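Note sheet for the following structure.
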Amino acid sequence: AEVLTQLPKRIDNTVFVAMTDEQRAYHEENGTIVSRIVSRWRKTGFLSDADQRRLTCALQNMRMSCNSTYLLDPDTDHGHKVDELLTLLEELFEDPNAKAVIFSQWLRTHELIVRRLRTKNWGHVLFHGGVPSEKRGALVERFREDVGCRLFLSTDAGGVGLNLQHAASIIINMDLPWNPAVLEQRIGRVHRLGQTRSVQVVNFVAEHSIEHGMLSILAFKKSLFAGVLDGGQSDIFMNGTRLSKFMESVEQVAGAITPAVEVDPAPETAKPSGAAVDNVQPASDADLSVVSAVQGNGQPTPPPANTPTAHDAWNELIDIGRTLFESLATPSSKTGDDMPRQATPFAIETDPNTGQQILKLPLPSAEVLQRAAQALSSLLAGIQNKR
6 AEVLTQLPKR IDNTVFVAMT DEQRAYHEEN GTIVSRIVSR WRKTGFLSDA DQRRLTCALQ
66 NMRMSCNSTY LLDPDTDHGH KVDELLTLLE ELFEDPNAKA VIFSQWLRTH ELIVRRLRTK
126 NWGHVLFHGG VPSEKRGALV ERFREDVGCR LFLSTDAGGV GLNLQHAASI IINMDLPWNP
186 AVLEQRIGRV HRLGQTRSVQ VVNFVAEHSI EHGMLSILAF KKSLFAGVLD GGQSDIFMNG
246 TRLSKFMESV EQVAGAITPA VEVDPAPETA KPSGAAVDNV QPASDADLSV VSAVQGNGQP
306 TPPPANTPTA HDAWNELIDI GRTLFESLAT PSSKTGDDMP RQATPFAIET DPNTGQQILK
366 LPLPSAEVLQ RAAQALSSLL AGIQNKR
């Protein structure tokens, strides 16, 4: 706020890009997984570690599919974003002094851009987390000093600590980060003190996708700015208020674009054909700090009725029991190379008096216990009526 009046004009534009059928297939397949997991969460108020990891992976795949199928299957390249980018650059580079900084969360997006640049006479540098620290300065220096170097391609590793305002006045985001603070950090590499030209910001957004939903739901952005994501990736793996905020916030974002799906009692695999869990980027290059929810109409699912039917009661008890046993099935704190460690969900202790081993389990929330009691009451009432 203190330096805002000293900064040059900033113009933000959003370019909507249609998805191909192949992209849409990946997007919808993963959206279905998200919808099923969220349906269970709405019923039980609880997510197991396995469900949280599947949910994160499916959301990641949805976002990656918005750029190109290449990000999920390197043997294919279906998508229009990169081609639209080159068309835009053709127009912008009619100004011989124009230079652009292009951000994407994923290095594979930049690989596609570099392929297309082979037919152009535009020099470029590629900045990402894998570049050794001793070589990074040379990349920045080349972009600043070399007139023929027109493009600075960067992952979010370059979102902080770089001062490019004297070299470029154009920022292009191939994808939008979940956290608006990360987006502003990207733009701040160019729109900062020392910039003498108007800054143009262009955001590419896949039409009718999870990216599109992010733009239209103000509640999502407000929840992010309120600090829901401040703690980063590890905050996915917790129950209580913060998890609820995650689920409720992004439920509104994705709800309008994903069809409602019946709850599937069998656990899903968040690995569509051609997409591997290995595609989930490490936290250093990817902000995976969002747990999302999806309902067909974008509205919160109403709580279960006070007097459920026998069928509903059995489903309720099955859901609660399944989530309990899933928590028992994952007692270890090992969660994979790119997932945070967390406390064991239960404890085995020895009674000092009897020497007998005791299993201590965390209680579900009061709401879940109340629904379980209602379901049991309904089943007992039905048995008595039959007698």
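Once you know that position 102 of the sequence shown is 107 in my numbering, the rest is easy, because the numbers rise by one and skip nothing. Think of the CB as a built atom: it goes at the ideal place given N, C-alpha and C, for glycine as much as any other residue. All of these numbers come straight from a predicted model, not from anything done at the bench.
| Item | Value |
| --- | --- |
| Between Cys62 and Met24, which are expected to be in contact by the criterion C-beta below 8 Å, what is the C-beta distance as a whole number of angstroms? | About 20 Å; that fails the 8 Å criterion. |
| Are Gly163 and Trp127 touching if we call contact CB-CB under 9 Å? | no |
| If I follow the unbroken alpha helix (DSSP H) through Gln190, where does it start and stop? | 185–192 |
| Please list, in chain order, all residues of the same chain as Phe21 whose beta carbon is under 6 Å from its beta carbon, the five residues on each side excluded. | Val210, Glu212 |
| Could you check how far apart the C-beta atoms of Ser249 and Met179 are, in whole angstroms? I think they sit under 8 Å. | Actually they are not in contact, since the Cβ atoms of Ser249 and Met179 sit about 31 Å apart, beyond 8 Å. |
| Per DSSP, Val106 forms a beta bridge with which residues? | Phe157, Ile176 |
| Taking the C-alpha atoms as reference points, what is the distance between His133 and Leu158? | 8 Å |
| In three-state DSSP terms, what is Ala211? | strand |
| Might you give, ordered along the chain, the residues of its own chain that have their beta carbon closer than 6 Å to the beta carbon of Thr201, omitting 5 neighbours on each side? | none |
| Can you tell which of Ser203, Glu95, Trp183 has the C-alpha that lies nearest to the C-alpha of Glu216? | Trp183 |
| So Ile107 and Leu156 are in contact, right, with Cβ under 8 Å, and what is the actual spacing, rounded? | 6 Å |
| Within this structure, are the beta carbons of Ile118 and Leu93 separated by less than 9 Å? | no |
| Are three or more beta carbon pairs between the region 97–106 and the region 35–42 nearer than 8 Å? | no |
| Going by DSSP, which residues form a beta bridge with Thr19? | Asn208 |
| Measuring only the C-alpha atoms, how far is His129 from Leu122? | 9 Å |
| In chain order, what residues of the same chain lie with their CB nearer than 8 Å to the CB of Ser174, ignoring the 5 residues before and after it? | Ala103, Lys104, Val195, Gln200, Arg202, Ser203, Val204, Gln205 |
| Suppose you measure from the CA of Asp1 to the CA of Leu12; what does that come to, to the nearest Å? | The question about residue 1 has no answer here: the residues shown for the chain are numbered 6 through 392. |
| Whose C-alpha, out of Leu198, Arg197, Glu189, is nearest the C-alpha of Asn208? | Glu189 |
| According to DSSP, what are the bridge partners of Glu354? | Ile363 |
| Give a yes or no on whether the C-beta atoms belonging to Arg59 and Ile42 are separated by under 9 Å. | yes |
| Compute the Euclidean distance between the alpha carbons of Phe51 and Ile16, then round it to the nearest angstrom. | 43 Å |
| Inspect the beta-carbon positions of Leu220 and Leu167 and report whether they are closer than 9 Å. | no |
| Let's see if you can read the secondary structure: which residues bound the beta strand (DSSP E) around Val87? | Per DSSP, Val87 belongs to no beta strand (DSSP E); it is in the alpha helix (DSSP H), 86–97. |
| Beta carbon of Leu169, beta carbon of Arg149: below 9 Å? | yes |
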